[in-house]
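Engineer:
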Amino acid sequence: MKITIVAIGKCKKNSPEAAIIEEYIKRSNWQISIKEKDNSNQKDEAEFLISSIPNGAKIIVLDERGENIKSTELANKILNWQINGISEICFLIGGADGHLSTTRDKADLILSFGKLTLPHMLMRAVLSEQIYRIQTIISGHPYHRN
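With the first letter of the sequence shown counted as 1, position 82 gets the number 292 in the working numbering; the numbers rise by one all the way through.
(1) Have a look at N294 and S225 and give me their C-alpha separation to the nearest angstrom.
(2) Could you tell me how far apart the beta carbons of G304 and E255 are, in whole angstroms, since I believe they sit closer than 8 Å?
(3) For the beta strand (DSSP E) containing R275, list its first residue and its last residue.
(4) Could you compute how far the alpha carbon of N249 sits from the alpha carbon of G266?
(5) Can you tell which of I213, I269, E246 and W240 has its C-alpha closest to the C-alpha of M331?
(6) Tell me the rounded alpha-carbon separation between H354 and E298.
(7) Roughly how many angstroms separate the alpha carbons of T214 and P264, rounded to a whole number?
(8) Have a look at E257 and S349 and give me their C-alpha separation to the nearest angstrom.
(9) Sorted by chain position, which residues of the same chain lie with C-beta nearer than 6 Å to G219's C-beta, five sequence neighbours on each side aside?
(10) Any contact of the segment 276 to 294 with the segment 229 to 236, i.e. 3+ C-beta pairs under 8 Å?
(11) Where does F323 sit, in a helix, a strand or coil, going by DSSP?
(12) Nearest to I269 by alpha carbon, out of I242, N251, A317 and Y234?
(13) In terms of alpha-carbon separation, which member of S261, L319 and R314 lies closest to I288?
(14) If we ignore side chains and look at the alpha-carbon of each, how far apart do R334 and L272 end up?
(15) Does at least one heavy atom of the ligand MG sit under 7 Å from the Cβ of Q252?
Shown next, in the form of structure tokens:
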């Protein structure tokens, strides 16, 4: 599986969040890449996010209005996509003002990680761990426990 994380805001290379992200990307058997853009206005951010989506990728928009599902449910959804020939997923993380409806309308899934507000760099670290967790669930690895 190929994963692209497209995010607004740039993660500092030596930050604690960058170390966490790097660790989970290193652990993963999936190909994971991150595209970033500095914060700007919401319209420019939306254009960057949408233009960065790889052709044919399923799109998961991270948004507080999205579904709050269990890791196993997300893993099953991604496994079903794999079974149906999907080999690429793109996660979109918006800026401080969130996503415009034009971005949310492109989503195959709008996903919420809960009602809490998280710093954008920490959200990337959490997402990186969840991508690794999903991969281990699909492969039957004992990392995840119910």
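Cβ coordinates follow ideal geometry from the N, Cα and C atoms, glycine included.
Structural biologist: On the basis of the coordinates in this document:
(1) So the alpha carbons of these two residues sit roughly 38 Å apart.
(2) Correct: roughly 6 Å between the Cβ atoms.
(3) It spans K268 to E277 - the beta strand (DSSP E) in which R275 sits, taken as one unbroken run.
(4) Distance between the alpha carbons of N249 and G266 is about 26 Å.
(5) Between M331 and the set I213, I269, E246 and W240, the nearest pair of CA atoms involves E246.
(6) Computed Cα separation, rounded: 22 Å.
(7) Between the alpha carbons of T214 and P264 lies a gap of roughly 8 Å.
(8) Taking the straight line joining both Cα atoms gives about 35 Å.
(9) Taken in chain order, the residues that qualify are N249 and H330.
(10) Counting C-beta pairs with one atom in each stretch, the segment 276 to 294 and the segment 229 to 236 have fewer than three that are closer than 8 Å, which means they do not touch.
(11) F323 falls in the coil class under three-state DSSP.
(12) Closest by alpha carbon: A317.
(13) For the options S261, L319 and R314, the alpha carbon positioned closest to that of I288 is the one of L319.
(14) Here the alpha carbons of L272 and R334 stand approximately 10 Å from one another.
(15) You won't find the ligand MG in this model; it holds no ligand whatsoever.
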